[in-house]
Amino acid sequence: MSAALLLHWQLDDLAPGPLVTGSPAAPATGEVEGSPQVRADDRFGSCLTLAGGSDAVVSTTGVAQPVTSMAWVRVPPMPSNSMAVVFGQRGHFVLWLHDDGRIVYQGSTMNGPFRLEAGPGTFTFDQWHHLAVTSRDSTTRIVLDGVVVAEDAMPGPIQPSGEPFALGRDPDSVSSHLPLDAAHVRVYDGPRSVAEIARDMAADEALLATFVRTHPLTFALVNVDDQPVLYIDDAPGGQTLTLRVSNSSRQDLALWSAPGPTGPESHHLSVAFRQGVLAADSRPALRVPGWELFVAGSTGWLRGPEGLTLPAGTSLDLPLTGLRADGVGGTRGSRVELGYRRMGYSGEPSELAGVRHQVLEIVNHRGRPEVPLHLGFVGGDRVLSDGRTPRDLRVRVANLSREMPVPLTGADGTAPTELVLSFEVQGEQETRDWALTTAGTAGTVTLRVAGSVPGGWHVHREMLADRAQWTLIAQQDTTIPPGECLELTLEEVQGLPDPGHAPVVLAYRNLPGFRDGQLSAEVERAPLVFSARHAGLGTAAPQARLHVVDDTGDAHGGSVIVGPTGQPNLRLGYDTGYSWIQSHGAAPLAINPVGNKVGIGTTAPRSPLTVQAVTEHLQLRREAQSGGAVVFLELFQDQTPAGVDVYPSIRFHHSHKFWHRIEGRPDGFAFKEGASDELTGVTTGALNASTVTTPRLQADEVRGTRLAAGQSVLTAGSDHLQLRREAQGGGGVLFLELYQDQTPDGVDVYPSIRFHHSHKFWHRIEGRPYGFAFKQGDSDDLSDVRAARGIFQALTVDGVTVGANELRALLRLAAGQLEFDLYNVVQNEFAYAADFSPFDHDRRHVFTWRRKDERVSQGRWRIAFPS
Numbered sequence: 014m015s016a017a018l019l020l021h022w023q024l025d026d027l028a029p030g031p032l033v034t035g036s037p038a039a040p041a042t043g044e045v046e047g048s049p050q051v052r053a054d055d056r057f058g059s060c061l062t063l064a065g066g067s068d069a070v071v072s073t074t075g076v077a078q079p080v081t082s083m084a085w086v087r088v089p090p091m092p093s094n095s096m097a098v099v100f101g102q103r104g105h106f107v108l109w110l111h112d113d114g115r116i117v118y119q120g121s122t123m124n125g126p127f128r129l130e131a132g133p134g135t136f137t138f139d140q141w142h143h144l145a146v147t148s149r150d151s152t153t154r155i156v157l158d159g160v161v162v163a164e165d166a167m168p169g170p171i172q173p174s175g176e177p178f179a180l181g182r183d184p185d186s187v188s189s190h191l192p193l194d195a196a197h198v199r200v201y202d203g204p205r206s207v208a209e210i211a212r213d214m215a216a217d218e219a220l221l222a223t224f225v226r227t228h229p230l231t232f233a234l235v236n237v238d239d240q241p242v243l244y245i246d247d248a249p250g251g252q253t254l255t256l257r258v259s260n261s262s263r264q265d266l267a268l269w270s271a272p273g274p275t276g277p278e279s280h281h282l283s284v285a286f287r288q289g290v291l292a293a294d295s296r297p298a299l300r301v302p303g304w305e306l307f308v309a310g311s312t313g314w315l316r317g318p319e320g321l322t323l324p325a326g327t328s329l330d331l332p333l334t335g336l337r338a339d340g341v342g343g344t345r346g347s348r349v350e351l352g353y354r355r356m357g358y359s360g361e362p363s364e365l366a367g368v369r370h371q372v373l374e375i376v377n378h379r380g381r382p383e384v385p386l387h388l389g390f391v392g393g394d395r396v397l398s399d400g401r402t403p404r405d406l407r408v409r410v411a412n413l414s415r416e417m418p419v420p421l422t423g424a425d426g427t428a429p430t431e432l433v434l435s436f437e438v439q440g441e442q443e444t445r446d447w448a449l450t451t452a453g454t455a456g457t458v459t460l461r462v463a464g465s466v467p468g469g470w471h472v473h474r475e476m477l478a479d480r481a482q483w484t485l486i487a488q489q490d491t492t493i494p495p496g497e498c499l500e501l502t503l504e505e506v507q508g509l510p511d512p513g514h515a516p517v518v519l520a521y522r523n524l525p526g527f528r529d530g531q532l533s534a535e536v537e538r539a540p541l542v543f544s545a546r547h548a549g550l551g552t553a554a555p556q557a558r559l560h561v562v563d564d565t566g567d568a569h570g571g572s573v574i575v576g577p578t579g580q581p582n583l584r585l586g587y588d589t590g591y592s593w594i595q596s597h598g599a600a601p602l603a604i605n606p607v608g609n610k611v612g613i614g615t616t617a618p619r620s621p622l623t624v625q626a627v628t629e630h631l632q633l634r635r636e637a638q639s640g641g642a643v644v645f646l647e648l649f650q651d652q653t654p655a656g657v658d659v660y661p662s663i664r665f666h667h668s669h670k671f672w673h674r675i676e677g678r679p680d681g682f683a684f685k686e687g688a689s690d691e692l693t694g695v696t697t698g699a700l701n702a703s704t705v706t707t708p709r710l711q712a713d714e715v716r717g718t719r720l721a722a723g724q725s726v727l728t729a730g731s732d733h734l735q736l737r738r739e740a741q742g743g744g745g746v747l748f749l750e751l752y753q754d755q756t757p758d759g760v761d762v763y764p765s766i767r768f769h770h771s772h773k774f775w776h777r778i779e780g781r782p783y784g785f786a787f788k789q790g791d792s793d794d795l796s797d798v799r800a801a802r803g804i805f806q807a808l809t810v811d812g813v814t815v816g817a818n819e820l821r822a823l824l825r826l827a828a829g830q831l832e833f834d835l836y837n838v839v840q841n842e843f844a845y846a847a848d849f850s851p852f853d854h855d856r857r858h859v860f861t862w863r864r865k866d867e868r869v870s871q872g873r874w875r876i877a878f879p880s
């Protein structure tokens, strides 16, 4: 069973509403959002152009089951790193297009969401493409120009929402608008094969050829300024509008015979105006050789010479004189219809007949030309030229007259007064020097009405192809009193990212007693704006005499740069979490290089640099990195003359209580008191230095290679002193040295360590030329040494040294494993157990070996079971 067509928008025309109408087979209509325009197109005859911003088309009713959706689209290049929606259904699916040409189809099934992507470069811009998505069974596809470009399995059957279908924006939110040209949008309730999609494509392109062939004529009705405008005026001769008829086909057209008097039954062209457009005293006339005009009511019939040929691609101008618009309806727009018949392609027998339409503007030119109104800005006429910072613009429509009010006809009048405020916008991929903002950001601009004009207002907003405009109509008849004004505020205006000027235009129509006209005031797009006594860069609401707002960035950039960037310069800026000041150009940053004081946390510094705070005044910090020695703080004294010594120092000063200083000297550090040279005590938890000079040292931990002090006292509950070496590879390290300098002959000093328990005991370990001596008190009496284990190369007791071999023999003796030879020292013979004749079978006899000093194997003995 083939899929049913649920929706088909040809997008070649807009119906009043404005609405997009469907085809007879699928009459579902679409409501137009924003200001899409129908434009001529070489491929489809005409198409619908969505300019982004707020432009979109949304179906007026829900779409039951959109299984297959497709459209012809032509998309201009997109901004970098952007994405927008081609079409979709709220709550069901969305088709995204990315700036790199990716196409992403995502939606929901009964078993969860799905996502299908065609990679970068798949979609090319500024070209017509047929884009379709469809699913069959458990497979979903993206089809581009009749070719499957992505395909994958779905987690389950699709789950349509029955919500409206949207073209040109995200169906779930009024966002992600996509500028595009579109034609022939179709939605089916079932899957379509690639072949069926290709047939739809062919049918769409065949429609163009058919339309152009059956509708070969286009026309324009323009005044002497080549504008589609007819004035309301009192000129007795009326005005001339030129009917310009063009052959848009690829073949020559020829006029056939039209016998009889010129009129409804005998003519080649007809021009029909709506009732009330032409003034009753209009006298239309045509003075072109071979052409006749007959007018009845609001329609004119024109007949030309039989056989006249209009070559393909050419135009024919027919000036219609004596026309004047009826002023009853005031300034307005009206549709004009051109009908044609009794013509055909040269050499072909088929008659061509049809109608075409055009909008004609009716503009009031009656009354005084000069209106006592002035248009001007208050509170500043600048917007930031950065393309992103919004600013409100207040524009006043002021009555300059001191006596005469300016009347305004209300909405219930025959010809209501219209005040149309507008400005030019710049579309994608174009440059408009006089535009105020882009077409995309213009959609965020709103209008607020205030001032001293009595009554309320009807405000209608429109986004045209190149302008944003608001039409204001008073709810009832009112006036702008003398000297008073109407204040209009354009809110959230984001200027183009280029300096320049942009006119804001106020057109007034149907102003009683005055001709239609317009006023304008220029907005300056500039990097600097003013507010009261303040100036702002990057902000429309400066909070200081100069207020700079920029992107966050590190010290390689800069919101403010002082000096050329190619040489030393100063930069200021801010990043997330901090502000910064930086010297560039490989140059140092000098603060007060010619003198004066610097204060941090104070306005009254007492030194060249004063840091004032409650706590944590100064930190010298090095972030983690590998290797390298780092000097965190240096007190530097330049070279001084001979005899002049300056010792860099740090002072610790508590007003009216104490002051001390640490002084750097050739022999190390000196801890001194006040401004004198008196040494002061040192109390510290840990001290690491090569030289410390102090009369008294109190510390939890002392580290260093040299300690010079009269007396050092380390007081703690435990862990008084640790000589510590952090882990590192290899190398010997001396942790502690007790050093006695050379003494005269006969004077011996043995460095020692004392262990003293008050009123109980004291012992010392003394270093002597032959080793260590463990002594008692301050005498030379030796003290006991107790240990769980002692390891020695030899042991000397009362002058007797016992070595390792002796101790090993004692161990074997104690274990019953000591073996020996028994030697008779008188006979110089070794004892042995008998094993020779005549006692070779009885070893219970012990003899000595007759050979002097000769050992015998049978003479080996062991002491067993010692006790």
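Per the numbering used here, the sequence shown starts with residue 14, numbered consecutively. The C-beta atom is built at its ideal place from N, Cα and C for all residues, glycine as well.
Here the stretch 173 to 181 makes contact with the stretch 92 to 102; the two share three or more CB pairs at distances below 8 Å. When the Cα atoms are used, Q632 and K773 turn out to be separated by approximately 50 Å. Minimum Cα-Cα distance from P318 among the listed residues D294, E350, L18 and L282 corresponds to L282. The continuous alpha helix (DSSP H) containing L820 extends over residues A817 to A827. G453: member of the alpha helix (DSSP H) spanning A452 to A455, first to last residue. If you check the CB distance, D479 and E441 do not come in under 8 Å. Taking 8 Å as the cut-off, the Cβ atoms of T42 and R52 do not count as close. In this chain, the beta strand (DSSP E) harbouring R52 covers Q50 to D54. DSSP, read as helix, strand or coil, puts G250 in coil. Listed in chain order, the non-local C-beta contacts of L32 below 7 Å within the same chain comprise T42, G43, E44 and V45, local neighbours out to five positions each way being set aside. About 4 Å separates the CB atoms of F527 and G380; that is less than 8 Å, so the two are in contact. Within its own chain, the residues whose Cβ lies closer than 6 Å to the Cβ of L808, once the five positions on either side in sequence are excluded, are V815, listed in chain order.
Spatial neighbours of D330 in its own chain (CB-CB distance under 7 Å, excluding positions within 5 residues in sequence) are listed in chain order as T255 and R257. Taking C-beta separations shorter than 6 Å and ignoring five residues to either side along the sequence, the partners of P661 in its chain run L648, Q650 and G677, following chain order.
Runs of alpha helix (DSSP H) with 4 or more residues, each lying fully within the stretch 454 to 483, are absent. Approximately 4 Å separates the beta-carbon atoms of P555 and H547; this is inside 8 Å, confirming the contact. Inter-residue distance for H569 and S82 is about 50 Å (C-alpha atoms, whole angstroms).
With a minimum length of 4 residues, there is no unbroken run of alpha helix (DSSP H) contained wholly in the stretch 140 to 171. Secondary structure within the stretch 478 to 542: the beta strand (DSSP E) runs of 3 or more consecutive residues, fully enclosed, are 480 to 487, 491 to 493, 498 to 506, 513 to 522 and 530 to 539 (chain order). A distance below 8 Å between beta-carbons, with the five flanking residues on each side excluded, links T327 to the following residues of its chain, in chain order: S259 and N260.
In the DSSP assignment, E779 falls within the unbroken beta strand (DSSP E) covering F774 to R781.
Here L524 is actually not in contact with V410; their C-beta atoms are around 11 Å apart, not less than 8 Å. In the three-state reduction of the DSSP assignment, M356 falls in the strand class. Taken through DSSP and simplified to helix, strand or coil, S328 comes out as strand.
W447 sits exposed, since fewer than 16 C-beta atoms from the chains shown fall within 10 Å of its C-beta.
The beta carbon of H378 sits closer than 8 Å to the beta carbons of Y244, I245, D246, R528 and D529 from its chain, once the five residues preceding and following it are set aside; these are given in chain order. Within the stretch 227 to 280, the complete beta strand (DSSP E) segments at least 3 residues long are 230 to 235, 242 to 245, 252 to 260 and 266 to 268, listed from N- to C-terminus. Contact check for L306 and G313: beta-carbon distance about 6 Å, within the 8 Å limit, so the pair qualifies. In the three-state DSSP reduction, Q871 falls in the helix class (H, G or I).
Between S48 and L397, the C-beta gap is not smaller than 8 Å, which leaves the two residues out of contact. Rounded to the nearest angstrom, the Cβ distance from D139 to P90 is 7 Å, consistent with a contact under 8 Å. Straight-line spacing of the CA atoms in E636 and V644 works out to 13 Å.
Rounded to the nearest whole angstrom, the CA to CA distance from P516 to S533 is 6 Å. Per DSSP, the unbroken beta strand (DSSP E) holding P177 starts and ends at P177 to L180. In the three-state reduction of the DSSP assignment, D217 falls in the helix class, which pools H, G and I. Taking a 10 Å sphere around the C-beta of L413, we find fewer than 16 other C-beta atoms and assign the residue as exposed.
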